[in-house]
Amino acid sequence: MSPRRSVAEALGTRSAILNRSVAIASAEGLEGLTIGRLATELDMSKSGVLGHFGSKEALQLAVLDRAGEIFRAEVWEPALPVKPGLTRLRVLCEAWISYLEREVFPGGCFFVAAAHEFDGRRGAVRDAVESRFDAWRGRLRKETLRAVDAGELPEWTDPDQLVFELLGLLMALNHAIQLHHDTQAAGRARHAVQTRLGG
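Per numbering that gives the first Met the number 0, residue 0 is the first one in the sequence shown, and the count goes up by one each step.
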């Protein structure tokens with residue numbers, strides 16, 4: 000076996016582990032990931048799974064990274080081509096609603112679930128979850144400020160308040176879909192965004 004093929008196969012195996020881990024963790028939590036379960040489901044040895052990450056915490060952090068890649072592709076990248084400011088903020092909200100509505104992750108929003116699981120804890124995984132929420136709030140705040148500067152939102156708009164409301168709205172949508180299986184929730188969320196942002 001050539002070194003190049005060996006590296007490619009190792010990367011493929013690591014990717015398969017991460018994909019299965021994301022699916023499990025989105026429904027059962029990051030603590031629901033066990034090396035034994037992954038080994039059984041992927042027909043690997045425990046040492047084979049662990050060898051790609053080194054520890055359960057390293058696996059959890061890698062899973063957060065993979066989930067972040069998926070979220071970025073689903074929610075952030077569709078908004079990149081559009082005009083910054085209010086237009087981009089509206090597109091972000093619609094992509095976000097669609098991502099929840101289509102249940103891209105089996106257990107709903109991966110990061111909402113992870114936040115509920117780790118918000119009262121300490122450690123690297125909890126800090127990684129918080130940093131992703133901080134980064135997302137920062138993106139939303141930046142587009143809000145751009146919209147205010149362009150006169151697309153009133154000059155008295157409080158960007159932190161608006162971002163707080165949008166985050167709360169989308170978390171409520173995730174809750175309504177996952178817990179209540181509310182088929183009207185996405186429509187209500189779209190109405191709420193339109194009421195808040197216009198358009």
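Cβ atoms here follow ideal geometry from the backbone N, Cα and C, with glycine treated the same way.
Treat the numbers as computed from the prediction; the structure is a model and nothing was measured.
Asked, Found
"Would you check if the region 125-132 and the region 43-53 touch, i.e. whether three or more CB-CB distances between them fall below 8 Å?", "no"
"How about E100 and G28: do their beta carbons lie closer than 7 Å?", "no"
"Nearest to L165 by alpha carbon, out of A24, E151 and G137?", "G137"
"Excluding sequence positions up to five away, which residues of its chain have a Cβ less than 8 Å from the Cβ of V62?", "L17, S20, V21, A24, L29 and L32"
"Ignore the nearest five residues each way along the sequence and tell me which others in L144's own chain have a CB closer than 7 Å to its CB.", "P158"
"So R189 is in the alpha helix (DSSP H); what residue range does that whole segment cover?", "A184 to L196"
"Does DSSP put P153 in a helix, in a strand, or in coil?", "coil"
"Using 7 Å as the threshold, is the C-beta distance between A78 and R87 below it?", "yes"
"For the region 91-142, list the alpha helix (DSSP H) runs that are entirely contained and at least 4 residues long, ordered along the chain.", "109-117"
"Just to confirm, is the Cβ distance from E142 to V103 under 7 Å?", "no"
"Quick one: what does DSSP say H174 is sitting in, helix, strand or coil?", "helix"
"For the alpha helix (DSSP H) containing K82, list its first residue and its last residue.", "Here K82 belongs to no alpha helix (DSSP H), and DSSP marks it neither H nor E."
"Roughly how many whole angstroms lie between the Cα atoms of P105 and A112?", "11 Å"
"Terminal residues of the continuous alpha helix (DSSP H) containing L49?", "K45 to L49"
"Helix or strand or just coil, what does DSSP make of G28?", "coil"
"Between the C-alpha atoms of R195 and R65, what's the straight-line distance to the nearest angstrom?", "32 Å"
"Three-state secondary structure (DSSP) at F163?", "helix"
"Per DSSP, what kind of secondary structure is S54 in: helix, strand or coil?", "coil"
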